[in-house]
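The structure appears below as structure tokens.
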Amino acid sequence: MSINKRLIIFNSVIMILSMTLVLLVSNYALNKMLENSVKNYLKTSVYAAMEIQDARLNEMENGASLIIRLDDVSENYLAGNQDNLSSSLSDLKQELNYLDLGMFVDVSGNVLAHMEKNADRAGKIALPYIEKAPDRAIKTQSEIDLRDIFETGSGQAENYAVTLESTGDICYDGLMAIVISPVKDGGGHILGYLMLGDIINKNSYYTTQYSEIIPDSYLTISLDDLRICSNIFSKDKSDYTGTTIPDITQDTLTKKEIYFGSEYAPIGDNYFFLYKPLEGYFGEFQGYLSVGIPENIFMKMLSVNQKIVISIICITFFVILVSSILFGKSITKPIRASADIARNICRGDFKVAHNYGNMKNLSCETRELLVAMEEMANTLYKNKMDIEQYIDELVKKHKEADSLSQQLLEMNSTLEQMVDARTIELRQIIEELKESNMVKSRFLANISHELKTPLTGSINASELLLDELFGTLNERQTKYVKNIWLSSNQLLLLINDILDLSKINAGKLNVNPAVCFVNEVLEEAIGIVKSTTYKKSIELITSVTPDELEVWADKQLLKQVLYNLLSNAIKFSNENSTVFVSAGNVNNPENSRTYVRFCVSDQGIGIAKKDLERVFVEFEQTDNSYSREYGGTGLGLPLSKKWVELQGGKMELHSELNVGTEVIFFLPATEEQEV
2 MSINKRLIIF
12 NSVIMILSMT
22 LVLLVSNYAL
32 NKMLENSVKN
42 YLKTSVYAAM
52 EIQDARLNEM
62 ENGASLIIRL
72 DDVSENYLAG
82 NQDNLSSSLS
92 DLKQELNYLD
102 LGMFVDVSGN
112 VLAHMEKNAD
122 RAGKIALPYI
132 EKAPDRAIKT
142 QSEIDLRDIF
152 ETGSGQAENY
162 AVTLESTGDI
172 CYDGLMAIVI
182 SPVKDGGGHI
192 LGYLMLGDII
202 NKNSYYTTQY
212 SEIIPDSYLT
222 ISLDDLRICS
232 NIFSKDKSDY
242 TGTTIPDITQ
252 DTLTKKEIYF
262 GSEYAPIGDN
272 YFFLYKPLEG
282 YFGEFQGYLS
292 VGIPENIFMK
302 MLSVNQKIVI
312 SIICITFFVI
322 LVSSILFGKS
332 ITKPIRASAD
342 IARNICRGDF
352 KVAHNYGNMK
362 NLSCETRELL
372 VAMEEMANTL
382 YKNKMDIEQY
392 IDELVKKHKE
402 ADSLSQQLLE
412 MNSTLEQMVD
422 ARTIELRQII
432 EELKESNMVK
442 SRFLANISHE
452 LKTPLTGSIN
462 ASELLLDELF
472 GTLNERQTKY
482 VKNIWLSSNQ
492 LLLLINDILD
502 LSKINAGKLN
512 VNPAVCFVNE
522 VLEEAIGIVK
532 STTYKKSIEL
542 ITSVTPDELE
552 VWADKQLLKQ
562 VLYNLLSNAI
572 KFSNENSTVF
582 VSAGNVNNPE
592 NSRTYVRFCV
602 SDQGIGIAKK
612 DLERVFVEFE
622 QTDNSYSREY
632 GGTGLGLPLS
642 KKWVELQGGK
652 MELHSELNVG
662 TEVIFFLPAT
672 EEQEV
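Residue numbers (the working numbering): 2 to 676.
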């Protein structure tokens with residue numbers, strides 16, 4: 002495939018991907034913008050619906066205030082003239098003909114007078130408000146039972162009752178806008194209350210007013226999840242009342258926050274809806290005021306915007322495609338000419354490049370390419386002549402090399418015999434050294450074993466003397482016996498170390514790993530050296546994380562390693578200093594296995610950098626004077642390192658002279674799983 006075609010394909014793919022990304026991003030952005038626009042539009046609609054409700058409540062409050070300010074109302078209250086109070090209510094009904102409830106009640110909620118067809122039991126609606134806010138004029142909506150508002154048999158409750166669409170049952174629950182105003186005498190004392198109410202169920206006032214203010218929008222008022230007032234109409238239903246909020250919408254609704262979403266309405270098509278919770282005077286949840294608008298209005302706007310974006314993308318793609326074709330031809334033309342020159346050179350025509358001199362004026366890059374091709378042709382011709390001369394010289398030297406090769410073959414045969422003889426000699430020496438080392442190890446093991454018996458007897462005897470089982474010792478005798486006991490124990494430790502070293506070298510030391518708790522092993526090791534820390538006033542600080550940290554190790558060997566390291570740290574630390582011991586889990590990235598990291602650090606004399614390797618050699622100490630001042634054989638660290646390695650771990654040493662030493666070793670946290 003030519004470069005021109007590849008360039009066109011490459012640009013096309015890049016353009017398609019870029020334009021697709023632009024289309025997706027623009028589509029997402031447009032969706033978000035339109036969704037926010039719909040949400041803001043519906044929020045404005047909610048505020049308009051609330052203003053309509055507040056306007057009705059304010060009108061009712063003004064009517065109540067007008068009646069209460071009449072002097073004869075308070076006089077009728079004091080005189081108990083129910084007929085005059087009923088007449089006042091009738092006058093108010095003529096002014097506010099939409100009122101469904103009107104009554105005067107005393108301070109205890111007992112009905113003194115009411116409008117026609119209202120029931121006395123409706124007075125209990127005012128009781129909660131009178132008890133909690135007796136001095137206030139109240140405007141709110143309240144949940145009611147329609148049968149409590151009207152007299153039985155009047156048929157008025159059925160006019161406002163809502164028939165459930167799902168079951169056909171009649172629901173007498175509803176919402177009513179109420180105004181409760183206190184009636185006071187001339188001295189400002191409360192005589193009773195005037196309560197007015199306008200039932201919201203099936204109330205066309207709210208829906209008609211809303212439709213006039215915001216056309217092509219829908220309003221529903223719900224009691225809990227039942228719609229009791231709506232301006233949505235369809236061919237099959239007179240309105241939207243009696244339906245319930247869809248289950249999928251109910252799952253996302255809250256009783257405190259505004260909800261915005263899309264749902265399918267029974268009249269067909271999807272609608273954007275915004276639900277605002279309705280609260281009573283005391284903040285109790287009562288239902289939802291919801292407004293909506295058909296999705297297709299905004300989908301048309303989105304479709305137009307998408308078509309504009311797609312048109313721009315197509316025009317841009319066409320322009321870039323044509324530009325890519327023209328640009329590709331300008332690039333490939335000189336390259337094709339150079340390819341012709343290269344093919345002629347391959348046929349041996351090294352001067353053919355001069356025939357393309359008329360191509361040198363195409364461009365700066367083309368001129369450089371053609372000049373380079375001519376230089377290459379001249380160079381190839383010169384190289385060809387040099388190669389032919391070099392081949393002649395090689396033939397001559399090859400003959401000389403054949404003669405030398407024959408001589409080397411003869412010498413090589415002699416050299417192989419000498420190497421074989423030397424190899425046999427070295428193998429014999431290695432075997433002798435191995436045998437010598439085994440003899441040394443067996444000797445150390447046997448002699449150490451033989452020395453343990455008399456030493457044990459000497460230790461037991463000195464302990465009996467120190468316990469004064471055979472009589473009281475004077476101060477001088479006690480001193481000598483303690484020296485015998487201490488020297489014997491030190492020698493016994495040395496012998497045990499030598500035996501362990503011999504077993505390790507012979508490969509006979511048994512390691513029995515198991516799960517053990519780090520804190521438990523550490524406490525046992527600290528218990529052995531604790532008396533030494535008291536003598537030197539050394540503070541021993543431990544940190545094990547977590548407290549129940551486990552390690553996969555031989556418990557006795559781990560305790561011996563910790564003892565050796567703690568003993569060295571205390572031995573080489575100054576008085577009144579601190580020794581730190583810590584343990585915790587770490588991950589090994591090389592084998593994805595978890596290890597326990599142990600660290601023992603001190604503030605002692607430290608070790609020079611040049612001596613760091615020597616401390617891991619048996620019977621070595623960095624300075625011979627240390628053995629005289631601090632004691633020891635130099636086996637503690639070498640043995641500890643080998644014990645750690647036998648358990649699948651490793652040990653590191655960091656130290657600075659006159660600052661302190663830090664020994665770190667790692668052991669597996671769990672048993673290695675077989676693959």
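No residue lacks a Cβ here, since even glycine has one placed at the ideal position from N, Cα and C. These figures come from a predicted structure and were not determined experimentally.
- For Lys140, the closest of Pro183, Cys315, Lys572 by C-alpha to C-alpha distance is Pro183.
- Membership of Lys185 in the beta strand (DSSP E) is indicated by the continuous run 174–185.
- With a contact defined as Cβ atoms closer than 8 Å, Val512 and Leu647 qualify at about 5 Å.
- In this structure, the CA atom of Phe319 is about 10 Å from the CA atom of Ile313.
- The Cβ atoms of Met177 and Leu102 sit closer than 9 Å to each other.
- When DSSP states are grouped into helix, strand and coil, Pro216 belongs to the coil group.
- Ile608 has its alpha-carbon roughly 24 Å from the corresponding atom of Ala526.
- Contact holds between the stretch 595–607 and the stretch 664–673, because three or more Cβ pairs, one in each stretch, are under 8 Å apart.
- Look at Gln142 here: in three-state DSSP terms it is strand.
- Around the CB of Ala402, fewer than 16 other CB atoms lie within 10 Å, so the residue is classed as exposed.
- Between Tyr206 and Ile222, the beta carbon gap of about 12 Å keeps them out of contact (Cβ cut-off 8 Å).
- Distance from the CA of Thr579 to the CA of Glu672, rounded to the nearest whole angstrom, comes to 34 Å.
- Buried is the label assigned to Leu558, since at least 16 other Cβ atoms lie within 10 Å of its Cβ.
- Cβ-Cβ distances below 8 Å link Ile191 to Val108, Pro135, Asp136, Pro183, Val184, Lys185 in the same chain, with the five nearest sequence neighbours on each side left out; the list follows chain order.
- Only buried fits Thr244, as 16 or more other CB atoms lie within 10 angstroms of its CB.
- Its Cα nearest to that of Thr534, the residue Ser574 stands out among Ser574, Ser218, Thr250.
- Distance between Gly293 and Asp84, taken at the CA atoms: about 47 Å.
- Leu224 counts as buried, since no fewer than 16 other beta carbons sit within 10 angstroms of its beta carbon.
- Taking a 10 Å sphere around the C-beta of Leu465, we find fewer than 16 other C-beta atoms and assign the residue as exposed.
- Boundaries of the alpha helix (DSSP H) harbouring Ala526: 519–536, taken from the DSSP string.
- For Asn59, the closest C-alpha among the options Gln418, Gln251, Ala138, Met652 is that of Ala138.
- Remark: C-beta atoms of Asp555 and Ala515 approach each other more closely than 9 Å.
- Between the alpha carbons of Val39 and Thr21 lies a gap of roughly 26 Å.
- Rounded to the nearest angstrom, the gap between the Cα atoms of Gln604 and Ile430 is 47 Å.
- When the alpha-carbon of Val47 is set against those of Ser339, Ser212, Val396, Arg348, the nearest one is in Ser212.
- Ile53 and Ile215 have their C-alpha atoms spaced approximately 12 Å apart.
- Met652 is classed as buried because its beta carbon has at least 16 other beta carbons within 10 Å across all chains shown.
- The continuous alpha helix (DSSP H) containing Ser87 extends over residues 83–96.
- Around the beta carbon of Gly284, fewer than 16 other beta carbons lie within 10 angstroms, which makes this residue exposed.
- Under DSSP, Asn569 takes part in no beta bridge, so it has no partner.
- When the five nearest sequence neighbours on each side are left out, the beta carbons in the same chain lying within less than 7 Å of the beta carbon of Asn577 are those of Ser538, in order along the chain.
- Cβ neighbours of Leu97 within its own chain (closer than 6 Å, five residues either side excluded): Gly64.
- Taking Thr595 as the centre and dropping the five residues before and after it, the same chain places the C-beta of Asn586, Val587, Asn588, Asn589, Pro669, Ala670, Thr671 closer than 8 Å to its C-beta, in chain order.
- Here Asn41 carries a helix assignment [DSSP, helix/strand/coil].
- Under the criterion of beta carbons closer than 8 Å, Asp174 and Tyr99 do not qualify as touching, at roughly 21 Å.
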